[in-house]
Amino acid sequence: MRKVDVLGGIGEVARLPIVKRKGSLQTCLQLQKTGKNMSTSSIGKFALRTGQSLAAALTLALFAGNAAAVRLDPDGHGQVLIYPYYTTRAGNQTVISVTNHSDRHKALFVAFREARNGRQTLTFNVYLAPYDTWSTTAFALDENGESANLISGDKSCTYPAFDERILPNGRRYVPFRTVGYIAPLDDAGPNTMDRAREGYVEIFETGTLVPGSPPADAISPNGLGAPVDCEELYTGFSSYWRTAPATYLTNPTGGLSGEAMVLNVGDGTVMAYSATALADFRTDPSDIPAGSRSSVVSHRAPAENTLGLDDALNDPLERFATAAVDLPSRRLELKYPAERGVDAVSAVLAADAADVNYVNDASLGATTDWVINFPTKPYYTDQAIVGATAIKPFTAVYPTTGSEASAAMYLPYALRDPSGRSVGVSAGSSANLEMRYATQVIALAPSSGTVNATGRPLGSTLVSRLAPVAASAVKETGWMSLDLLRYSENGGQASRSLRVAEDGTAMLGLPMIGFTAINYINSNAAPGVLANYSLSKQQRRTQDCRRNTISCK
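What follows is the structure, encoded as C-alpha cells:
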C-alpha cells in the first residue's frame, strides 16, 4: 500500500486509499484529481455519500498498510527476547538480563529450555517497573546433583520468588527441573539433571499493568529503589488473577531488550551477546493506542502458562499472524493462520545460509565455538507435538522413544582460508555437519584429526565436529559457511522451505540464530598473571523465499 499523500491544496485531493479488513468494506476509496477544483462542500457531500467523514477517511488511510507484524528488531527491542545459549558446564556461569525501556509496568514470562529437544526446565514470571532491569545467573553447585540452578540478587519482583533453597552464605536460589523430560513426558534424550546444564532462554512480555492498579503500585520502587510489596503478586494469584489472569493488564507494547554473558571466573573469561528481539509478537489492529485493550494479554500463573513461540498473533478477530521479512530489495508481509503462528516467527528467523569467521591457532591458544540455535525447532520436530512425521522445513522428528540419533539432519558446509581458497575435507570424508538438537555447538577447528570438546570455550557436550582436512590444508584462521537450504532426499537433492504463507510464498532454509565464542590464552604473560581474552560475534545470514518456483531475490 502506498503512503498517503497529504492534501495538495484547496481544490486538490490526493489519493486516499482506505482499506477495511475482511468482513467489512473490501474496496479502496480513491479521490482522484478531476482536472477542476472541488469545493469544500463537494468534498463533504462526497464523504456523506460514502458514509465516511473526510477526517475518518484520513485516519483510516494513515493506519492502512501499517498493521503490526512479527519482525526482527535491528536495535534489539521487542516483546519477545530469545537468548540462544546458556550453560553451567566446564566452570561456566551464564548471566541473563532484561531491561524495560518503556514507561509502562511490564509482566513477563520467562522460560529456560534444555538444548536437546527444547523442553522447559524452569518457568516463572518477572514484573518490571518502568525503565527497570532484572538479571539472574545460571550456575552449578557441583558436577552431579545440583548442576543447574538459578539465583538472582535483583530486587525486581518474581513469581514465584527464588527462595526454594539456601546457600551457605544465606542467598536463596532455585534448581532447574527435570519434569519436562521425564515420565510421563519423557523422550529419547537422557532424563538426568545434567541435560538441563545447557540450553536457551525465551522471555515474553505477557501484558502491561494498568497504572495505579494494586500490582502496578506493588512493583513500583520505593524510596530505596526496591519494589513496594512483591507479596501483592501472591495475593493476586490467590484472588483476582486466580480466575481472571488478565485483570489489571492491557496488551503488550514492547520495548524490552536483553543481554547475556557466559562467565568463567576461574579462567577469567566472559563472552557476552545480545538477545534476539521480536517486535509485535502479539498485537491487535484495533488496539489504538497500543496497550489500551486486553485482547492479546497472555498473563498466567507460570505453572499454567503454555505461552511459546507458536503463539504469535496479529489479529485476534481474524485469527492470523503476519511476518515482516526485510529482504535486501524489499519487505515481505507474509500472513499465516493463527494455528500456524510459529511459521510467522520462523519466517523472520529463516536463513538459507549462515557464516562466521574463526581462529584456531595453537600458538595463541585461540579456539572458536559456533553456537547454533533453532528456537522454533520443537514445534516442527518434537514427536510429542507433531506425531511421527516432522514438519517442514525440518526433516526428522526428535523421538519420544528409542535413540535420539534418528533426529539428525545433515547440513553441508564449506571452509575458506583468508585468501578465499577452499579448504577441502580429506578423501573419504564428507563436508556435512550432523545437527540433531535445538541448540548445539560447532567446534570450529579444522584439523587432520578428531577435535576434542575438552578445552573448548564453552565446554559443551553437544558438539558437532568438522570432517578431517588434509594436514597441508589446515589453516589457523578463515571463515565457514553453512548451507541451510540443500539436503539429500531419496537419492537426490532437495531444498528446505517453510510451509507457504497465504499468498503462496515460502521462506527458504531453516529458522536459526547464533554467535561465535572465541577464546585466547596468552601463555607468554608474566608468571602469576591470568592473561585470557575472550569475545563473541553474531553470525551472519542470507535470506530468500520462493513463490511459484521463482526466487524472491
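Note that the sequence shown covers residues 1 to 553 in the UniProt record's numbering.
Just so it is clear, CB atoms sit at the ideal spot from N, CA and C, and this is done for glycine as well.
According to the neighbour-count rule (16 or more other Cβ atoms, all chains shown, within 10 Å of its Cβ), is residue 319 buried or exposed?
-> Taking the first residue of the sequence shown as position 1, residue 319 is located at position 319. Residue 319 sits exposed, since fewer than 16 C-beta atoms from the chains shown fall within 10 Å of its C-beta.
By the 10 Å Cβ neighbour count, where 16 or more other Cβ atoms means buried, how is residue 129 classified, buried or exposed?
-> Taking the sequence shown and counting its residues from 1, one reaches residue 129 at position 129. Flag for residue 129 reads buried.
Could you have a look at residue 568 and say whether DSSP puts it in helix, strand or coil?
-> The chain is shown from 1 up to 553; residue 568 falls before or after that span and cannot be answered.
Look at residue 535 and residue 198 and say whether their C-beta atoms are less than 9 Å apart.
-> To locate residue 535, count along the sequence shown from 1; it is residue 535. To locate residue 198, count along the sequence shown from 1; it is residue 198. Against a cut-off of 9 Å, the Cβ pair of residue 198 and residue 535 comes out as no contact.
Answer yes or no: do residue 298 and residue 374 have a C-beta to C-beta separation smaller than 9 Å?
-> Position 298 of the sequence shown, counted from the first residue, corresponds to residue 298. Position 374 of the sequence shown, counted from the first residue, corresponds to residue 374. Their beta carbons are not under 9 Å apart, which means residue 298 does not touch residue 374 by this criterion.
Output yes or no for whether 9 Å exceeds the beta carbon distance between residue 380 and residue 342.
-> The sequence position of residue 380 within the sequence shown is 380, counting from 1. The sequence position of residue 342 within the sequence shown is 342, counting from 1. It is a contact, given that the beta carbons lie within the stated cut-off.
For residue 425, the residue or residues it bridges with in DSSP | Translated into the one-based positions of the sequence shown, residue 425 becomes position 425. Partner(s): 469.
Reduced DSSP category for residue 171 - H, G, I as helix; E, B as strand; rest coil = Numbered from 1 along the sequence shown, position 171 holds the residue referred to as residue 171. In the structure shown, residue 171 sits in coil (DSSP, three-state: anything other than H, G, I, E or B).
Entirely within the stretch 132-168 and at least 3 residues each: give me those beta strand (DSSP E) ranges in chain order.
-> Taking only runs of at least 3 residues, the beta strand (DSSP E) segments lying wholly in the stretch 132-168 are 133-139, 149-151 and 157-159.
Tell me the start and end of each unbroken alpha helix (DSSP H) in the stretch 175-217 that is at least 4 residues and wholly inside, in chain order.
-> Fully enclosed alpha helix (DSSP H) runs of 4 or longer: not present.
Starting from the Cα of residue 120, find the closest Cα among 191, 428 and 425 and give me that residue.
-> Working through the sequence shown from its first residue, we reach residue 120 at position 120. With respect to the C-alpha of residue 120, the residue from 191, 428 and 425 having the closest C-alpha is 191.
Going by alpha carbons, who is nearest to residue 336 out of 407, 521 and 507?
-> Position 336 of the sequence shown, counted from the start, is the residue given in the question as residue 336. Here the closest residue by C-alpha is 507.
Note down the Cα distance separating residue 293 from residue 250, rounded to an integer number of angstroms.
-> Start at 1 with the first residue of the sequence shown, and residue 293 comes out as number 293. Start at 1 with the first residue of the sequence shown, and residue 250 comes out as number 250. Residue 293 and residue 250: Cα-Cα distance of roughly 5 Å.
If you count every other CB in all the chains shown that lies within 10 Å of the CB of residue 96, and 16 or more means buried, which is it?
-> Walking along the sequence shown from the start, residue 96 turns up at place 96. Around the C-beta of residue 96, 16 or more other C-beta atoms lie within 10 Å, and the residue is accordingly described as buried.
Within this structure, are the beta carbons of residue 498 and residue 346 separated by less than 9 Å?
-> Locating residue 498 in the sequence shown gives position 498, counting from the first residue. Locating residue 346 in the sequence shown gives position 346, counting from the first residue. Remark: C-beta atoms of residue 498 and residue 346 approach each other more closely than 9 Å.
Helix, strand or coil at residue 310 according to DSSP, with G and I counted as helix | Position 310 of the sequence shown, counted from the start, is the residue given in the question as residue 310. In the three-state reduction of the DSSP assignment, residue 310 falls in the helix class.
At what residues does the alpha helix (DSSP H) containing residue 343 begin and finish?
-> Within the sequence shown, the letter at position 343 stands for residue 343. Residues 341-349.
Nearest-angstrom Cβ-Cβ length linking residue 70 and residue 280, presumed shorter than 8 Å = Position 70 of the sequence shown, counted from the first residue, corresponds to residue 70. Position 280 of the sequence shown, counted from the first residue, corresponds to residue 280. That pair is a contact at about 6 Å.
8 Å contact criterion, which residue 567 and residue 466 should meet: CB distance rounded = Residue 567 falls outside the range modelled here, since the chain spans only 1 to 553, and no answer is possible.
Quick one: what's residue 435 bridged to in DSSP?
-> As a working note, residue 435 is residue 435 in the sequence shown. Note: residue 435 sits in a beta bridge opposite 409.
Go through its chain and collect everything with a Cβ distance to residue 514's Cβ below 6 Å, but skip five positions before and after it.
-> As a working note, residue 514 is residue 514 in the sequence shown. Correct list, in chain order: 84, 371, 372, 373 and 539.
Determine the DSSP secondary structure at residue 418, reduced to helix, strand or coil.
-> In the sequence shown, counting from the first residue as 1, residue 418 sits at position 418. In the displayed model, residue 418 falls within coil according to three-state DSSP, outside both helix and strand.
Report yes if the CB atom of residue 255 is closer than 9 Å to the CB atom of residue 77, and no otherwise.
-> Reading the sequence shown from its first residue, position 255 is the one you call residue 255. Reading the sequence shown from its first residue, position 77 is the one you call residue 77. Contact flag set, yes.
Rounded to a whole number of angstroms, what is the C-alpha to C-alpha distance between residue 80 and residue 183?
-> For the purposes of this step, residue 80 is taken as residue 80 along the sequence shown, with counting starting at 1. For the purposes of this step, residue 183 is taken as residue 183 along the sequence shown, with counting starting at 1. As the crow flies, the alpha-carbon of residue 80 is around 30 Å from that of residue 183.
Pairwise C-alpha distance: residue 483 and residue 316 | Here residue 316 is taken as the residue at index 316 of the sequence shown, counted from 1. Here residue 483 is taken as the residue at index 483 of the sequence shown, counted from 1. Each residue's Cα considered, the two are about 37 Å apart.
Can you grab the Cα-Cα spacing for the pair residue 421 / residue 307, in whole Å?
-> The count along the sequence shown starts at 1 and reaches residue 421 at position 421. The count along the sequence shown starts at 1 and reaches residue 307 at position 307. One Cα belongs to residue 421, the other to residue 307, and the distance between them is close to 47 Å.
Helix, strand or coil: how does DSSP classify residue 82 here?
-> The residue labelled residue 82 in the question sits at position 82 within the sequence shown. DSSP places residue 82 in strand when its eight states are reduced to three.
Indicate the three-state DSSP secondary structure (helix, strand or coil) for residue 246 in the structure shown.
-> Here residue 246 refers to the residue found at position 246 of the sequence shown. The answer is coil: DSSP assigns residue 246 none of H, G, I, E or B.
What is the rounded straight-line gap between the Cα of residue 321 and the Cα of residue 230?
-> Position 321 of the sequence shown holds residue 321. Position 230 of the sequence shown holds residue 230. Annotation: residue 321 to residue 230 spans about 35 Å, alpha carbon to alpha carbon.
What residues match up with residue 262 in a beta bridge as DSSP calls it?
-> Residue numbering aside, residue 262 sits at position 262 when the sequence shown is read from its first letter. DSSP, once it has assigned bridges, lists 94 and 271 as partnering residue 262.
Is residue 415 near residue 479, with beta carbons less than 9 Å apart?
-> Here residue 415 corresponds to residue number 415 of the sequence shown, with the count starting at 1. Here residue 479 corresponds to residue number 479 of the sequence shown, with the count starting at 1. Residue 479 sits close to residue 415, with the two beta carbons spaced by under 9 Å.
According to DSSP, which residues form a beta bridge with residue 533?
-> For the purposes of this step, residue 533 is taken as the residue at position 533 of the sequence shown. DSSP lists 520 as partners of residue 533.
Residue 358 - partner residues in DSSP beta bridges | Here residue 358 refers to the residue found at position 358 of the sequence shown. For residue 358, DSSP records a beta bridge to 478.
Could you give the C-beta distance for residue 237 and residue 176, rounded to a whole number, given that I count them as a contact under 8 Å?
-> Along the sequence shown, read from residue 1 onward, the residue named residue 237 stands at position 237. Along the sequence shown, read from residue 1 onward, the residue named residue 176 stands at position 176. About 22 Å separates the two Cβ atoms, so there is no contact after all.
Using CA coordinates, which residue listed in 542, 501, 226 and 541 is at the minimum distance from residue 548?
-> Residue mapping note: residue 548 aligns to position 548 of the sequence shown, counting from 1. For residue 548, the nearest C-alpha among the options comes from 501.
If you draw a straight line from the C-alpha of residue 496 to the C-alpha of residue 344, how long is it?
-> As a working note, residue 496 is residue 496 in the sequence shown. As a working note, residue 344 is residue 344 in the sequence shown. Their Cα atoms are separated by approximately 16 Å.
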